[in-house]
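From first to last, the protein sequence lines are chains A and B.
The opening residue of the first sequence carries number 0 in numbering that gives the first Met the number 0; numbering runs sequentially from there.
The opening residue of the second sequence carries number 0 in numbering that gives the first Met the number 0; numbering runs sequentially from there.
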Amino acid sequence: MKPLRTEVVIIGAGIVGAMCAYYVNRAGLKAIVIDRGTVASGTTGAGEGNIMVSDKSPGPELELALKSRDMWFEVAQDLGNEFELVAKGGLAVSRGDASSLFELSNSQSVAGVQTKRVGASEIQELEPFISKAIQNGVHYPQDAQCQPMLAAAHILRQLQRRGLEFIGHQEVLKIERKSENLTVRTSTLEIQSDFVVNAAGTWAGEIARLAGSELPIMPRRGFILVTAPLPKYVNHKVYDSDYVDNVASSDADLQTSTVIEGTQSGTILIGASRERVGFDKSISVSVIQRLARQATSLFPILAGAQLLRVYNGFRPYSPDHLPVIGADSLIPGLYHCAGHEGAGIGLSAGSGKVIAQLIKNEIPIVNPEPFSPARFQMAYL
Amino acid sequence: MGAGPAGLAAARILSEHSVSVDVFDQYPRAGGQYWRHAKNEPFPAESFKTTLTSSRLNWLFECSIWQIESEKSGHTIYAIQNGRTIERTYDALLIATGAIERPLPIPGWTLPGVMTAGALQSLIKGQGLIPGERIVVAGSGPFLFPVIESLQKSIQQSSSSNPSSDIRIVGIFEARKLSRWLLNSVGLLLNPEKVIDAMRFLINLKREKLRVTTGRVITSIKDTNSKNVKRISVMPLKGEKVSNNPTGQELDCDVIAISYGFTPDLTIPSILKLKTVNKEDDEIVMVDSNQRSSKLGVWAAGEITGIGGHEIAIREGEIAALDILGKGGSLTSAIRKIDRWRKQIFATGLARVYKVSKRWFEWNADDVVVCRCEEVSRDEIINSFRELGADSVRTSKLFTRAGMGMCQGRLCHRNVQDIARVFGSESTKISRPIGGAVTLGELSD
Ligand SMILES: Cc1cc2nc3c(=O)[nH]c(=O)nc-3n(C[C@H](O)[C@H](O)[C@H](O)COP(=O)(O)OP(=O)(O)OC[C@H]3O[C@@H](n4cnc5c(N)ncnc54)[C@H](O)[C@@H]3O)c2cc1C
Ligand SMILES: Cc1cc2nc3c(=O)[nH]c(=O)nc-3n(C[C@H](O)[C@H](O)[C@H](O)COP(=O)(O)OP(=O)(O)OC[C@H]3O[C@@H](n4cnc5c(N)ncnc54)[C@H](O)[C@@H]3O)c2cc1C
């Protein structure tokens, strides 16, 4: 069988792989995206689709998130917004002492996030159905939302008209370095390329191993409650900022905080906050009950909402909870773009751009140092 | 779980032994789909009367099971009854939650007056109500017979109590030709009583000057200018295709009851992650000869282990109960197993006779709504495979939302699956993590 030949092979057709493909294609490189399933069959198919800047403290991730958020809108402009992208805004609220919320928002605003402190009456105006007990909050107009599966599918479909090749249902089994080339093998295919981008999400560690390298990406379970379709009771993405305090406390049981939002189809999604918290538990009645309790105390009107579905997915995370974006320290030509944990949708555009820039030897939009795979690979060098 | 024929048959045997049994059902009364009856009516099956009053059975009606957790110490059922949460742990579970109807989408099937044959049956049996005056029954499969029978009975009753009432069945259309019964000749030989049942049914029809037009299907339903009246187009079926030779016909009516059979309700089995297998393109719970599922301490009986009707459901319920009591190897059980085998051969043959062909989707207009809850059309589903790269019901659902609405795919999963098969997709296992109606408020208590 004749091997295929291309410049870049991207492993993984989740949102991260799709965005890598977008920017690699924009950079004028010939690319193939390969996935063992189809588009969005991994964690992207379980994500909520929030593109958030509000839940990140100042630092490299926030910097990437801010850039990435704007780039999402550029991608929609370029390819057509067929994935429900809207800047609906986020509202973080606090029930008790709001000082840590305000401290966070102050530092965020110094870092370039648009923030606005809101009091009881403004909160009621933004969210007429929220509990009257809520006195303090911060409005984040930049927070956006999209439908991530549609986004990944639409991006790949449009790119195929621009010369990208997408191969589904082929599992990568081997990655070999031969002279100047990398060869990616499946059971029936052989693809030779100059660069390989590992965008395999939760399974990125496995891909690194196939290439003879190492990457500590692990799965962390997260889940979401979905209600029956309702009138528009929730306008923004609303979350309980008290988790900032909860996480600081050592009480592991308190590590759930409600994140509530409506979708275009009318269902309300109730999730645990991304990023700072996460579960390693399976769906359990007690966790469902706790989330329901938190949701109804924030939005009492939701008490009558029927619970339709619960679903979960595995967030890919690295030991320091920052994504891994950059060149492998051991295998020349191999790049990683994975481990985005609970923010992979939001960070995907920026991450894809950084990968394309690193491959092209351009100066990346953010300092790539903190994201470098080398931080975990020193031990092997 | 489930007080239909399967659950009741099991309860009857269990109640004769000293075990304590809870029977859950989301309906207000026992009987399931087969013995559905109105509030003031006596229970339709004489032989179950003592079971219903047995002191060993604890009935939990209007109780919807939404979650089950299995641990070493037992299986814990979480249910809601009158807004209250019930949480109880059991050594053994018998799942007998029955089937759901399977409609076939045709243009106009979402109009008022168009209903599933089961919904019509429920109205007649549960409330003694016929929702119109000119009735058409159509579709395919043996379920059309009992529906027509109850309809006839109910019409007779209403005309004897009110002589001016003029309710009529104006058409009965069965897609499959009678000749296909050859496919079930072995089943008929083993179950000769079924021939007698069929003869009786046909004689009854004749007496009422009714006939079943076979080999014909409704291809569209439209509103007319007069209130409530619908006009249906009925076309002959040639092979699996709709043809115009001989020409089709149009007919006015106000109630259209359609049935294309049933599909097992795998909601509760999916929560327990029981192993399932494919039978005649239906996903069914895998059980051994004693109705044991793949999970220790969990049995399954009735339609969820394969569509076969109430008689098989009863046998299966009995076999499961005997095994729960440790009598799976007894002679009583063996006799029931032989009877179950004989009836299953008939049921399997029947499924072949009345097979709903995947090609039947081709009759439909592209924009026919397949998923009613989310209003997803056939061409949107096809587009998700052709354009967006969907490769299964699961991924198609992520793109189109088909099956994500109120009913969680109970109505459309099977149909989307058949569309998906045309694109070479493997079947997607049913997954409904929340088993029954429960509100966030009830969960918060
Ligand atoms: C419940 C939940 C809610 C979330 N909500 C949000 C949110 O609101 N906002 C947000 O930004 N993030 C959210 N996330 C996180 C987000 O979903 C992930 O970070 C993101 O989807 C990761 O995308 P990915 O493309 O890296 O991985 P994936 O989507 O998992 O893609 C990886 C792909 O690689 C393929 N693959 C793996 N191994 C191989 C192989 N050997 N050969 C070929 N292909 C292979 C897989 O099939 C898969 O398609 C949420 C996550 C969860 C679980
Ligand atoms: C709408 C409909 C009408 C039918 N009418 C007829 C008919 O008239 N004649 C005929 O021969 N066959 C009829 N059938 C076929 C019928 O399903 C079988 O012949 C027979 O009733 C099967 O028995 P079963 O015990 O397996 O299930 P069923 O009789 O369906 O009993 C299942 C029971 O489980 C309960 N249940 C399900 N899920 C839950 C839950 N989560 N929590 C609590 N309880 C639950 C249901 O309320 C139901 O009472 C009908 C089927 C359907 C779907």
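Just so you know, even glycine gets a beta-carbon here, dropped at the ideal spot from N, CA and C.
Best match in the options for proximity to residue i [C-alpha to C-alpha]
| i | options | result |
| --- | --- | --- |
| residue 361 of chain B | B/414, B/324, B/351 | B/414 |
| residue 59 of chain B | B/23, B/45, B/83 | B/23 |
| residue 185 of chain B | B/160, B/389, B/57, B/352 | B/352 |
| residue 322 of chain B | B/296, B/187, B/79, B/346 | B/296 |
| residue 103 of chain B | B/174, B/14, B/169 | B/174 |
| residue 180 of chain A | A/193, A/188, A/186 | A/193 |
| residue 13 of chain B | B/75, B/373, B/317, B/243 | B/317 |
| residue 143 of chain B | B/213, B/191, B/187, B/188 | B/213 |
| residue 340 of chain A | A/17, A/315, A/175 | A/315 |
| residue 44 of chain A | A/23, A/69, A/200, A/4 | A/200 |
| residue 76 of chain A | A/10, A/132, A/153, A/97 | A/153 |
Secondary structure of residue i, DSSP reduced to three states
| i | result |
| --- | --- |
| residue 427 of chain B | coil |
| residue 78 of chain B | strand |
| residue 302 of chain B | helix |
| residue 250 of chain A | A caution first: residue 250 of chain A carries a pLDDT of 41, below 50, which makes its placement in the model unreliable, though a value can still be read off. Looking at residue 250 of chain A - three-state DSSP - the assignment turns out to be coil, as it is neither helix nor strand. |
| residue 181 of chain B | helix |
| residue 278 of chain A | At residue 278 of chain A, the pLDDT of 42 sits below 50, so the modelled position is not reliable; the number obtained from the coordinates is stated separately. Correct three-state label for residue 278 of chain A: coil. |
| residue 60 of chain A | helix |
| residue 114 of chain B | strand |
| residue 298 of chain A | coil |
| residue 273 of chain A | Because residue 273 of chain A carries a pLDDT of 45, less than 50, the predicted location of this residue cannot be relied on, and the following value inherits that uncertainty. In the structure shown, residue 273 of chain A sits in coil (DSSP, three-state: anything other than H, G, I, E or B). |
| residue 330 of chain A | coil |
| residue 151 of chain B | helix |
| residue 165 of chain A | strand |
| residue 408 of chain B | coil |
| residue 108 of chain B | coil |
| residue 286 of chain B | coil |
| residue 243 of chain A | For residue 243 of chain A, the predicted model reports a pLDDT of 42, less than 50, meaning its position is unreliable; a value from the coordinates is still stated below. The answer is helix: DSSP assigns residue 243 of chain A an H, G or I state. |
| residue 156 of chain A | helix |
| residue 293 of chain B | coil |
| residue 238 of chain A | strand |
| residue 28 of chain B | coil |
| residue 246 of chain B | coil |
Any non-hydrogen atom of ligand 1 closer than 7 Å to residue i Cβ
| i | result |
| --- | --- |
| residue 15 of chain A | yes |
| residue 422 of chain B | no |
| residue 171 of chain A | yes |
| residue 202 of chain A | yes |
| residue 33 of chain A | yes |
Distance cut-off 7 Å: residue i Cβ against heavy atoms of ligand 2
| i | result |
| --- | --- |
| residue 339 of chain A | no |
| residue 305 of chain A | no |
| residue 24 of chain B | yes |
| residue 127 of chain B | no |
| residue 370 of chain B | no |
| residue 63 of chain B | yes |
| residue 145 of chain B | yes |
| residue 96 of chain B | yes |
Beta-carbon spacing of residue i, residue j below 8 Å
| i | j | result |
| --- | --- | --- |
| residue 384 of chain A | residue 397 of chain B | Only positions 0 to 380 of chain A appear in the structure, and residue 384 of chain A is not among them; the question remains open. |
| residue 60 of chain A | residue 145 of chain A | no |
| residue 99 of chain B | residue 371 of chain B | no |
| residue 271 of chain B | residue 67 of chain B | yes |
| residue 302 of chain A | residue 438 of chain B | yes |
| residue 375 of chain B | residue 255 of chain B | no |
| residue 348 of chain A | residue 74 of chain A | yes |
| residue 20 of chain B | residue 10 of chain B | yes |
| residue 26 of chain A | residue 359 of chain A | yes |
| residue 198 of chain A | residue 15 of chain A | yes |
| residue 203 of chain A | residue 216 of chain A | yes |
| residue 263 of chain B | residue 287 of chain B | no |
Ligand 4 heavy atom lying under 7 Å from the CB of residue i
| i | result |
| --- | --- |
| residue 200 of chain B | No copy of ligand 4 occurs in the structure displayed; its ligands are ligand 1 and ligand 2 alone. |
Interface flag, residue i vs chain C, CB-CB below 8 Å
| i | result |
| --- | --- |
| residue 389 of chain B | Looking for chain C here will not work: the only protein chains present are A and B. |
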